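Residue numbers (this note's numbering): 43 to 240. Note that beta-carbon positions come from the ideal geometry of N, C-alpha and C, so glycine has one too. All of these numbers come straight from a predicted model, not from anything done at the bench. Inspection log for the structure reproduced underneath, given as structure tokens.
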């Protein structure tokens with residue numbers, strides 16, 4: 043999310059976070075609920091228009107779509123096998139539309155804006171003993187930890203390949219899990235040293 047944010051002054055950038063999240067939820071729900079291959083291209087056009095309105099660079103659109111594309115192709119293949127070409131095309135286009143809609147949100151909303159909004163939305167939870175600041179901190183730590191976890195996964199995979207053990211799942215999974223848990227312990231120790239993890 044941090045890497046996809048594009049500072050700007052478009053209409054979408056100026057909208058409050060709540061309005062953007064609500065809009066994303068409504069659009070996503072419409073994409074999932076409307077089950078018609080004829081509407082799938084229309085939803086894709088709407089999400090492409092949103093990305094253009096947000097002035098998301100084509101490179102970022104391609105990078106985000108590329109990740110969704112693999113999932114969409116696999117899901118579409120299964121749908122083709124089970125239900126036919128029409129359902130496969132609808133599934134493929136709907137998944138691309140959902141990915142592009144989410145991209146428009148992340149491109150126009152910084153991580154800090156999202157975390158602040160989550161903290162505000164979690165304030166009513168104080169009545170049941172949940173600290174909204176901890177909720178926001180947890181989300182911020184999760185977002186921050188994802189790139190590091192992906193880097194650990196790549197390093198571990200490369201190390202297993204270098205030893206000629208790329209076909210052995212234990213040679214990859216065991217060091218990966220150990221390193222991720224060690225990183226989590228380091229983060230916990232750092233929070234505890236600041237008095238946050240009590």
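- About 38 Å separates the CB atoms of residue 143 and residue 216; that is not less than 8 Å, and the two are not in contact.
- Secondary structure at residue 177: helix, using DSSP grouped into helix, strand and coil.
- Only residues of its own chain outside the window of five on either side were considered, and among them 48, 50, 52, 54, 55, 146, 149, 150 have a CB closer than 8 Å to the CB of residue 96, listed in chain order.
- Contact check for residue 73 and residue 136: beta-carbon distance about 5 Å, within the 8 Å limit, so the pair qualifies.
- Across the set 140, 129, 112, the C-alpha of 140 shows the shortest separation from the C-alpha of residue 92.
- Of the residues 131, 202, 90, the one whose Cα lies closest to the Cα of residue 119 is 131.
- The stretch 99 to 115 and the stretch 150 to 167 do not touch, with fewer than 3 CB-CB distances between them shorter than 8 Å.
- For residue 152, the three-state secondary structure derived from DSSP is coil.
- Taking C-alpha positions only, residue 224 is separated from residue 201 by approximately 18 Å.
- Taken through DSSP and simplified to helix, strand or coil, residue 198 comes out as helix.
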